[in-house]
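Undergrad: At position 387 of the sequence shown the residue is numbered 552 (the working numbering), and the sequence of numbers has no breaks. Positions of the beta carbon are idealized from the N, C-alpha and C atoms, including for glycine. Got a structure for you, questions after.
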Amino acid sequence: MKFTIISGSPKGEGSITLQYLLYIQKHNPQYEFETFHVGQKIKSIEASQEKFDEIIDSVKSSDGVFWITPIFYFLIPSQLKRFIELIHERGVTDTFQDKYATAVSTSIRFFDTTAHNYLHAVCDDLKMKYVGFNSLDMWDIFTESKRDQFLYFAKNFFSTVEKKEPVSSQYPPLPEIKTTYSPGSVTNKVDNSNKKVVVLTDEYKPETNLGKMIKRFSDSFTQDIHIAEISKLNIKGGCLSCIKCGYENICIYKDDFTDFWKSTMKNADIIIFAGEIKDRYLSSKFKMVFDRSFYMNHTPFLTDKQMGFILSGPLNHIANLKHLLSAYVECQNSNFLDFVTDEYEDSGKIDNLIQSMADHSLTYSDQNYIRPHTFYKEGGMKIFRDDVYGRLRFICQADHRWYRDNGIYDTFPQKNKFTKSRNRKLMFLTKFKVIREKLYTRVNKEMLKPIHKIAVHPDK
Ligand SMILES: Cc1cc2nc3c(=O)[nH]c(=O)nc-3n(C[C@H](O)[C@H](O)[C@H](O)COP(=O)(O)O)c2cc1C
């Protein structure tokens, strides 16, 4: 059997993820493998039809496909995303149809799930036979039991392909948006004179639904807002994952990106991301911008802002995209406003939603309102904290300094003296059955006491 490996890492042969595939190949010499470094060579693949066709021909003659990728910002790198777009744009989806597929990633497992949901949906859209995924920590290869598990996963994939076993598909095709949005007149503009409002979009085209929604949003305010177009910026390419930014947050690229990010995005009070949905995400151009913001590594860099999304496309059918975008906002320690899309037939409803988002962005901003975060940020920051404190510290030194200076390490439970001494005492006492039973009967009541005291306190 033959397998095509489509590798999304911009590091090419230097990819960590690729090493896991080399490991599979070493243990399965009976199969043929052909690898394409799509993440590293996307520019030449896009420029040369011949190079693109070479990959497509390989898929054609294969029994299965391995999508292998690092996790970048809740998803895959922009370079691999662009390749997926090219499959659709160049009309070669048929080649992928009925091919067995699997996905392998390495990461520190921060939102690896949303990336794998995305890849699964991409495979279902291509009508591939998606068998499952393996999300590995970068260092799993050092542990024998994990290597064994990984080989078992591969064996299972090969056997599924060999036996032509049936697989389920879980993501129904997305509906096409057929409505044309016709904005009404704006009667109740709100005063934004003391706020910096930025709309970030790929390209502002006034005649499209997206363009009209952006204009309607802009018209909601008394003063001009800033519409920043990615296509007008000189951004030379996607993140190369060279990690040289780890020392002091300086990107190796010499282009417009960092200045734009610092001067426009960081200074904004209100940011609206406005884009068209392409496959199951925004465009690869948008993804490139998110990936390039990695020069700030694992620190929240767009903090205390109001953020919303104006999107054209079937967002309400892509729960995964909603999760990851709202998680992005939370992880930045900003406030999520709303998703407004062109899915509604009634243009008046879209007008009202846009106006409401504009109104709320100002009132919330005045109040410095940030909705309490959820599992997304709570869990995400703990992964970051542990890795920056530990194995990533010497690489991500800028992160380490920021975490140390901003009290991120102070939340390590072992640093809290009160908790430590209380645990020591109570754990000792619970060794005695009589005390243990008494303690466990009182525990809920005792935990509630100080919380209730504040809840009903007349002055708080
Ligand atoms: C731009 C960028 C974004 C990243 N985003 C994430 C992320 O969202 N979640 C995560 O767990 N790791 C993230 N990482 C870490 C990589 O996924 C990880 O280092 C991976 O193992 C690299 O694989 P590779 O060597 O095959 O490229 C990111 C790294 C870079 C450079």
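(1) Below 8 Å, is the gap between the Cβ of THR181 and the nearest heavy atom of ligand 1?
(2) Under a Cβ-count criterion, where at least 16 other Cβ atoms within 10 Å of its own Cβ denotes burial, should VAL494 be classed as buried or exposed?
(3) Given the structure, does SER406 come close to ligand 1, in the sense that its CB is under 8 Å from one of the ligand's heavy atoms?
(4) Can PHE323 be considered in contact with ligand 1, in the sense that its beta carbon sits closer than 8 Å to one or more heavy atoms?
(5) I want to check one thing, is the minimum distance from the CB of MET612 to the heavy atoms of ligand 1 below 8 Å?
(6) For SER270, verify whether its CB is less than 8 Å away from any heavy atom of ligand 1.
(7) According to DSSP, is ALA439 part of a helix, a strand, or is it coil?
(8) Determine the DSSP secondary structure at TYR509, reduced to helix, strand or coil.
(9) For chain B, check one thing: does any of its Cβ atoms lie closer than 9 Å to the Cβ of GLY229?
(10) Where does TYR446 sit, in a helix, a strand or coil, going by DSSP?
(11) What first and last residue would you give for the beta strand (DSSP E) that runs through LYS294?
(12) May I ask you to list the residues that DSSP assigns as paired with LEU594?
(13) On the criterion of 16 or more Cβ atoms from any shown chain inside 10 Å, does ASN500 qualify as buried, or is it exposed?
(14) In three-state terms, what does DSSP make of ILE221?
(15) For PRO340, name the three-state secondary structure that DSSP assigns.
(16) If you reduce the DSSP assignment to three classes, tell me which class GLY478 lands in.
(17) Report the three-state DSSP secondary structure of ILE395 (helix, strand or coil).
(18) Could you tell me the boundaries of the beta strand (DSSP E) in which LYS167 lies?
(19) Hey, quick one: how far does the beta strand (DSSP E) through GLU197 stretch, first residue to last?
(20) Give the range of the beta strand (DSSP E) segment to which PHE231 is assigned.
(21) Determine the burial state of ALA212: buried for a count of at least 16 other Cβ atoms within 10 Å of its Cβ, exposed for fewer.
(22) Within a Cβ cutoff of 6 Å, which residues of the same chain sit near LEU447, ignoring the five residues on either side of it in sequence?
(23) How long is the line joining the alpha carbons of LEU486 and ALA268, rounded to whole angstroms?
(24) Nearest to PRO337 by CA position, among ALA492, GLN184 and ILE483, is which residue?
(25) From TYR412 to GLU341, what does the alpha carbon distance come to, in whole angstroms?
(26) For the segment 237-249 against the segment 442-457, are there 3 or more C-beta pairs whose distance is under 8 Å?
(27) Would you mind sorting HIS463 into buried or exposed? The rule is 16 or more other CB atoms within 10 Å of its CB.
(28) Which residues share a DSSP beta bridge with THR366?
(29) How big is the Cα-Cα spacing for ASN481 and ASP516?
(30) Given a cut-off of 9 Å on the beta-carbon distance, is the pair GLY229 and THR169 in contact?
(31) Relative to the alpha-carbon of TYR335, which residue among HIS281, VAL608 and PHE455 has its alpha-carbon at the smallest distance?
(32) Under three-state DSSP, which class holds ASN588?
TA: In this structure, then:
(1) Reading the sequence shown from its first residue, position 16 is the one you call residue 181. The question names Thr, but residue 181 is Ile in the sequence shown. For ILE181, the CB falls within less than 8 Å of some heavy atom of ligand 1.
(2) As a position in the sequence shown, residue 494 is number 329, starting the count at 1. A residue is called buried when at least 16 other Cβ atoms come within 10 angstroms of its Cβ; VAL494 meets this threshold and is buried.
(3) In the sequence shown, residue 406 corresponds to position 241, counting from 1. Shortest gap from the CB of SER406 to any heavy atom of ligand 1: under 8 Å.
(4) Counted from its first residue, the sequence shown places residue 323 at position 158. No; taking the cut-off as 8 Å, the Cβ of PHE323 has no heavy atom of ligand 1 nearer than that.
(5) In the sequence shown, counting from the first residue as 1, residue 612 sits at position 447. Because no heavy atom of ligand 1 lies under 8 Å away, the Cβ of MET612 does not count as near it: no.
(6) Against the sequence shown, residue 270 aligns to sequence position 105. Distance from the C-beta of SER270 to the nearest heavy atom of ligand 1 is below 8 Å.
(7) Taking the sequence shown and counting its residues from 1, one reaches residue 439 at position 274. The answer is strand: DSSP assigns ALA439 an E or B state.
(8) Your numbering for residue 509 matches position 344 in the sequence shown. Collapsing the DSSP output to three states places TYR509 in coil.
(9) Included in the structure is just one protein chain, with no chain B present.
(10) As a working mapping, residue 446 is identified with position 281 in the sequence shown. Looking at TYR446 - three-state DSSP - the assignment turns out to be strand.
(11) For the purposes of this step, residue 294 is taken as residue 129 along the sequence shown, with counting starting at 1. Element bounds for LYS294: 294-302.
(12) To locate residue 594, count along the sequence shown from 1; it is residue 429. Looking at the DSSP assignment, LEU594 forms no beta bridge with any residue, so it has no partner.
(13) As a first step, residue 500 must be located in the sequence shown, where it is residue number 335. Label assigned to ASN500: buried.
(14) Translated into positions along the sequence shown, residue 221 becomes position 56. If DSSP states are grouped into helix, strand and coil, ILE221 belongs with the helices.
(15) Position 175 of the sequence shown, counting from 1, holds the residue named residue 340. In this structure, PRO340 counts as coil in the three-state DSSP scheme.
(16) Along the sequence shown, one-based indexing puts residue 478 at 313. Taken through DSSP and simplified to helix, strand or coil, GLY478 comes out as coil.
(17) Along the sequence shown, read from residue 1 onward, the residue named residue 395 stands at position 230. Three-state result, ILE395: helix.
(18) Sequence index remark: in the sequence shown, residue 167 carries index 2 (1-based). Counting along the chain, the beta strand (DSSP E) containing LYS167 begins and ends at 167-172.
(19) Sequence index remark: in the sequence shown, residue 197 carries index 32 (1-based). 197-201 is the span of the beta strand (DSSP E), which, as asked, contains GLU197.
(20) The sequence position of residue 231 within the sequence shown is 66, counting from 1. If you look at PHE231, you'll find it in the beta strand (DSSP E) that goes 229-235.
(21) In the sequence shown, the residue the question calls residue 212 occupies position 47. Under the 10 Å beta carbon count, ALA212 is surrounded by fewer than 16 other beta carbons and is classified as exposed.
(22) The sequence position of residue 447 within the sequence shown is 282, counting from 1. Excluding the 5 residues flanking it on each side, LEU447 has same chain C-beta neighbours closer than 6 Å at GLY440, in chain order.
(23) Locating residue 486 in the sequence shown gives position 321, counting from the first residue. Locating residue 268 in the sequence shown gives position 103, counting from the first residue. Roughly 19 Å between the two C-alpha positions.
(24) In the sequence shown, residue 337 corresponds to position 172, counting from 1. Residue ILE483 is the option with its Cα nearest to PRO337.
(25) For the purposes of this step, residue 412 is identified with residue 247 of the sequence shown, where counting begins at 1. For the purposes of this step, residue 341 is identified with residue 176 of the sequence shown, where counting begins at 1. Roughly 45 Å between the two C-alpha positions.
(26) Output reads yes: the segment 442-457 touches the segment 237-249.
(27) The count along the sequence shown starts at 1 and reaches residue 463 at position 298. By the neighbour-count criterion, in which a residue is buried when 16 or more other Cβ atoms sit within 10 angstroms of its Cβ, HIS463 is buried.
(28) Counting from 1 along the sequence shown, the entry for residue 366 is found at position 201. Answer is GLU394 and ALA439.
(29) As a working mapping, residue 481 is identified with position 316 in the sequence shown. As a working mapping, residue 516 is identified with position 351 in the sequence shown. Cα-Cα distance, rounded: 18 Å.
(30) Residue 229 sits at position 64 when you count from the first residue of the sequence shown. Residue 169 sits at position 4 when you count from the first residue of the sequence shown. Yes, the Cβ-Cβ distance between GLY229 and THR169 is below 9 Å.
(31) Here the question's residue 335 lines up with position 170 in the sequence shown. Going by the sequence as given, residue 335 is Gln instead of Tyr. For the residues HIS281, VAL608 and PHE455, the minimum Cα distance to GLN335 belongs to HIS281.
(32) Locating residue 588 in the sequence shown gives position 423, where the first residue counts as 1. If DSSP states are grouped into helix, strand and coil, ASN588 belongs with the helices.
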